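In this note's numbering, the protein residues as written are 37 to 416. Even glycine gets a Cβ: it sits at the ideal position worked out from N, Cα and C. These numbers come from a predicted model, not from an experiment.
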């Protein structure tokens, strides 16, 4: 792409921040002369990066054209290579979502073992091949961000340190040519909550996911904290249990708090008088909500354990706010139980339920992709 002039970059950045604006508004915001802004806008319009979007009447009574990011600026893809379901969202650089699609993973990985991305990548690859033709009129593809259910030590997919499993996953995806970054799925969910969800007003917060697997992500000063090598928030890898007389198991905390073992513990304690035990977390929480005593006990105990994990997160970084997400974590019964646990322990933190639900990860991947693409356009 042709390199932009300094003034065009500044105008594009301001228009990105505002969404829509008139030339006088941009001129005032950037302390640039109106002729300079007009020249920059013409440069951007010629490249398809901006377009007219109606008009507004100014305080003098004269109308002024409104401008916004144009279709020629292109679009980005967020791809969630999930354990049980894969999702793809396409966003225009102006911010609008162009499409959102999803597909079940037919042979999902073990819920408690190491991530096996093969089945998820196959599902995502098939979904991509069906989706890309629908974006033919959306301008160039500027960036792809892939969210993975594993530690991402290097966001560069071409890095020598990437595991063979990641390389196989990328091959199965058959991605179109575009800049590509990898990111952890829980990190992406936190980015989404901070930009689009319940944490938009928080400069710092923690996101704790409880579902098929567990995880945490940290946002400090409005920025995702990845740590020295991408391990920040990777609570799933904590060995567990810690009590005397039992050997801690690698990734034991995830095995203990993941949905699979929640159901196993529930089944072991389930009285025959209540019929068959729940076979899914959704059924367990539904029966608890209907007043089934053993289901209520299981949910209360699980909420207490997740609450203790939240206490550990608060003790480390004191975020002020913790967002609970995931298929189990965002259930109102679990959120209530976690809040009760924290109240009992007098832990100073606010708890909010995820506002984005199952789409948080893919939304966050799309947000990161848009940020990367805009940064490249404006600053490269």
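In this structure, what does DSSP give as the bridge partners for residue 140?
Note: residue 140 sits in a beta bridge opposite 121.
Any chance the stretch 242-258 sits against the stretch 362-370, with 3 or more Cβ pairs inside 8 Å?
Enough Cβ pairs lie closer than 8 Å, so yes.
Taking only the alpha-carbon atoms, compute the straight-line gap between residue 258 and residue 241 and give it to the nearest angstrom.
Each residue's Cα considered, the two are about 9 Å apart.
List the endpoints of the continuous alpha helix (DSSP H) containing residue 304.
Counting along the chain, the alpha helix (DSSP H) containing residue 304 begins and ends at 295-305.
Per DSSP, which one or two residues make a beta bridge with residue 414?
DSSP lists no partner for residue 414.
Would the beta-carbon of residue 325 fall within 8 Å of that of residue 298?
In this structure, residue 298 does not lie closer than 8 Å to residue 325 by Cβ.
From the DSSP secondary-structure annotation, give me the bridge partner or partners of residue 276.
Residue 276 pairs with 285.
Across the stretch 106-125 and the stretch 179-196, are there enough close Cβ pairs to call them in contact, namely three or more that are closer than 8 Å?
Output reads yes: the stretch 179-196 touches the stretch 106-125.
Any idea which residues DSSP pairs residue 103 with across the strands?
Answer is 57, 88, bridged to residue 103.
Using a Cβ-Cβ cutoff of less than 6 Å, which residues in the same chain neighbour residue 52 once the five nearest sequence positions on both sides are dropped?
Hits under 6 Å: 410.
Can you give me the C-alpha to C-alpha distance between residue 281 and residue 349, rounded to a whole angstrom?
Computed Cα separation, rounded: 26 Å.
Do residue 188 and residue 159 have their CB atoms nearer than 8 Å?
No, these two residues do not count as a Cβ contact at 8 Å.
Rounded to whole angstroms, what's the CA-CA distance from residue 355 to residue 384? Just pull it up for me.
If you take the alpha carbons of residue 355 and residue 384, they lie about 9 Å apart.
Taking the beta strand (DSSP E) that residue 219 falls in, what are its first and last residues?
Where residue 219 is concerned, the enclosing beta strand (DSSP E) stretches over 216-220.
Residue 358 to residue 405, Cα distance in whole Å?
Taking the straight line from one Cα to the other gives about 25 Å.
Assign residue 333 to one of three DSSP states: helix, strand, or coil.
Helix.
Can you find the residues in the same chain that come closer than 6 Å, C-beta to C-beta, to residue 49, ignoring five residues on each side of it along the sequence?
Answer for residue 49: 414, listed in chain order.
Considering just the uninterrupted stretch of the alpha helix (DSSP H) at residue 373, what are its terminal residues?
Segment 368-380, the alpha helix (DSSP H) holding residue 373.
So, helix, strand or coil for residue 346, using DSSP?
Residue 346: helix per DSSP, three-state reduction.
My understanding is that residue 377 touches residue 339, with C-beta atoms under 8 Å, so please give their C-beta distance in whole angstroms.
Their Cβ separation, rounded to whole angstroms, is 7 Å, which keeps residue 377 and residue 339 in contact under 8 Å.
Can you tell me which of the three DSSP states residue 386 falls into?
Of the three classes helix, strand and coil, the one that applies to residue 386 here is strand, per DSSP.
How is residue 236 classed by DSSP in three states: helix, strand or coil?
Of the three classes helix, strand and coil, the one that applies to residue 236 here is coil, per DSSP.
For the beta strand (DSSP E) holding residue 95, just list the boundary residues, first then last.
Per DSSP, residue 95 belongs to no beta strand (DSSP E) and is neither H nor E.
In angstroms, rounded to a whole number, what distance separates the CA positions of residue 276 and residue 304?
Going by the C-alpha atoms only, they are around 20 Å apart.
Using the beta-carbon count (16 or more within 10 Å), is residue 236 buried or exposed?
Its Cβ having fewer than 16 others within 10 Å, residue 236 is exposed.
Please return the same chain residues whose Cβ sits closer than 8 Å to the Cβ of residue 293, not counting the five positions on each side in sequence.
Excluding positions up to five away in sequence, the list reads 246, 250, 338, 341, 342, 345.
My understanding is that residue 191 touches residue 219, with C-beta atoms under 8 Å, so please give their C-beta distance in whole angstroms.
Between residue 219 and residue 191 the Cβ distance is about 6 Å, and since that is below 8 Å, they are a contact.
Can you tell which of 83, 123, 47 has its C-alpha closest to the C-alpha of residue 395?
The option with the nearest alpha carbon to residue 395 is 123.
Using beta-carbon positions only, say whether residue 58 and residue 102 come within less than 8 Å of one another.
Yes, these two residues count as a Cβ contact at 8 Å.
What are the boundary residues of the beta strand (DSSP E) that residue 178 is part of?
Unbroken beta strand (DSSP E) run through residue 178: 177-184.
Taking residue 120 as the reference, which of 156, 221, 106 has the closest Cα?
Comparing Cα positions, the closest option is 156.
For a test of the three-state rule: what should DSSP assign to residue 116, helix, strand or coil?
In the structure shown, residue 116 sits in a strand (DSSP, three-state: E or B).
Which residues in the same chain as residue 56 place their Cβ atom closer than 6 Å to its Cβ, once the five residues preceding and following it in sequence are excluded?
Within the same chain, residue 56 has close Cβ partners 89, 102, 104.
Along the alpha helix (DSSP H) that carries residue 80, what are the first and last residues, could you check?
Where residue 80 is concerned, the enclosing alpha helix (DSSP H) stretches over 70-82.
Could you check if residue 312 is buried or exposed, using at least 16 other CB atoms within 10 Å of its CB as the buried criterion?
Exposed, since its Cβ has fewer than 16 Cβ neighbours within 10 Å.
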